[in-house]
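Residue 267 in the numbering used here sits at position 259 of the sequence shown; the count goes up by one each step and never skips. All C-beta atoms, glycine included, are put in the ideal place defined by N, C-alpha and C. Here the structure is laid out as structure tokens; the discussion comes afterwards.
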Amino acid sequence: MNRQNKISPFLIIVACGLVLLYLHGCTRVRPLPGPAKPPTKAPAKKTEKPRPYKVMGKWYQPLPHARGFKQKGIASWYGKKFHGRKTSNGEIYNMYGVTAAHKTLPLGTYVRVRNLKNNKKIDVRINDRGPFVRGRIIDLSYGAAKKMGIVGAGTAPVEVTALGRPMAGKSAAATVPAYMPVDFYSGNFTIQVGAFSNPDNAEKLKRKLSRIYKNAHVVNDLHEKTAPFKVRVGACSTLDQAAKYETRLIQNGFPDAFIIAE
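In structure tokens form, the structure reads like this:
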């Protein structure tokens with residue numbers, strides 16, 4: 009007599025439980041990873057203020073900003089003597105291009121030059137420094153001067169209007185270029201009167217200036233090794249105010265005074 013093997017109900021329950029656990033593990037949805045942390049922003053680089061430069065014994069302070077800048081004066085041009093040489097911003101000067109030199113406008117700024125004699129206009133990019141001749145405000149490339157009709161005469165009265173720098177995504181060669189205006193006239197300006205290697209001499213001049221002028225102070229320029237102690241006067245919020253201060257100092261016996269952007 010054959011005896012049928014009976015499966016214990018307990019074993020059936022255990023087997024079912026194991027199957028359910030296995031299936032639960034296979035179908036379990038893993039939690040989605042949390043939102044990625046936004047990338048940490050790198051600290052913004054501080055824009056260095058343009059440093060003054062000296063040419064033929066005279067100091068010039070490049071302007072830090074550029075909006076609403078207008079200037080009237082004499083334009084000249086330069087050509088073969090400088091063709092192929094490096095400009096102040098490191099480019100190779102092309103006399104047939106449409107560029108210009110200015111003593112204080114930031115390099116890379118576009119300006120509109122209007123010939124006050126024939127009303128011809130041209131937009132040029134400042135890529136060089138100059139002209140270092142009294143009374144002249146801008147030096148045009150030969151190509152720009154030719155379009156303005158001033159090559160023969162050599163000079164012409166002009167009006168210079170700052171346009172700014174090309175906006176991102178806009179081609180500088182576009183028919184109607186779009187410019188990002190830059191503020192030229194507002195900021196923090198002071199006038200440097202002297203520079204000394206000896207701090208005592210700087211303090212002596214500061215005391216002398218304090219009797220006549222407001223806000224005479226000494227600045228220790230850590231980047232300067234030969235004469236780090238700068239004596240400065242005034243605290244002006246516009247370039248016009250600073251220019252008047254500078255003129256007054258020059259007239260009162262400080263011929264080397266020049267404007268500094270702080």
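Could you tell me if aspartate 136 is buried or exposed, where buried requires 16 or more neighbouring beta carbons within 10 angstroms of its beta carbon?
Indexing the sequence shown from 1 puts residue 136 at position 128. Answer is buried; the Cβ neighbour count reaches 16.
Going by the DSSP bridge assignment, what does serine 149 pair with across the sheet?
If you number the sequence shown from 1, residue 149 lands on position 141. Paired residue(s): Tyr86.
In the DSSP assignment, the alpha helix (DSSP H) including threonine 95 goes from what residue to what residue?
Looking up residue 95 in the sequence shown gives position 87. Element bounds for threonine 95: n/a, residue is neither H nor E.
Looking only at its own chain, which residues have a Cβ that is under 7 Å from the Cβ of lysine 53, when we skip the five neighbours before and after it?
On the sequence shown, residue 53 is found 45 positions in, with the first residue counted as 1. Residue confidence for lysine 53 is low, a pLDDT of 48 falling below 50, so the modelled location carries little weight; the figure read from the coordinates is stated next. Closer than 7 Å at the Cβ level, and outside the excluded window around lysine 53, lies no residue.
By a C-beta neighbour count over all protein chains shown, 10 Å radius and 16 as the cutoff for buried, is leucine 230 buried or exposed?
By 1-based counting over the sequence shown, the position of residue 230 is 222. Exposed, because fewer than 16 other Cβ atoms sit within 10 Å of the Cβ of leucine 230.
Does DSSP classify aspartate 255 as helix, strand or coil?
Within the sequence shown, the letter at position 247 stands for residue 255. First, the amino acid is wrong: residue 255 is threonine here, not aspartate. Of the three classes helix, strand and coil, the one that applies to threonine 255 here is helix, per DSSP.
Quick one: Cα of leucine 124 to Cα of glycine 162, how far?
Within the sequence shown, numbered from 1, the residue matching residue 124 stands at position 116. Within the sequence shown, numbered from 1, the residue matching residue 162 stands at position 154. Taking the straight line joining both Cα atoms gives about 14 Å.
If leucine 213 sits next to valine 239, beta carbons under 8 Å apart, how far is it from one beta carbon to the other, in whole angstroms?
Locating residue 213 in the sequence shown gives position 205, counting from the first residue. Locating residue 239 in the sequence shown gives position 231, counting from the first residue. Rounded, the Cβ-Cβ distance is 5 Å, consistent with contact.
With 16 other Cβ atoms within 10 Å as the buried cut-off, status of proline 139
Stepping through the sequence shown from its first residue, residue 139 is reached at position 131. Proline 139 comes out buried.
Residue closest to isoleucine 145, alpha-carbon to alpha-carbon, out of Gln79, Thr255 and Ile268
Walking along the sequence shown from the start, residue 145 turns up at place 137. The residue with the shortest Cα to Cα distance from isoleucine 145 is Gln79.
Candidates Phe90, Thr169, Arg93 and Val132, of which the one nearest alanine 108 by Cα
Taking the first residue of the sequence shown as position 1, residue 108 is located at position 100. Comparing Cα-Cα distances from alanine 108 to each of Phe90, Thr169, Arg93 and Val132, the minimum goes to Val132.
Do glycine 242 and alanine 235 have their C-beta atoms within less than 8 Å of each other?
Here residue 242 refers to the residue found at position 234 of the sequence shown. Here residue 235 refers to the residue found at position 227 of the sequence shown. No, the Cβ-Cβ distance between glycine 242 and alanine 235 is not below 8 Å.
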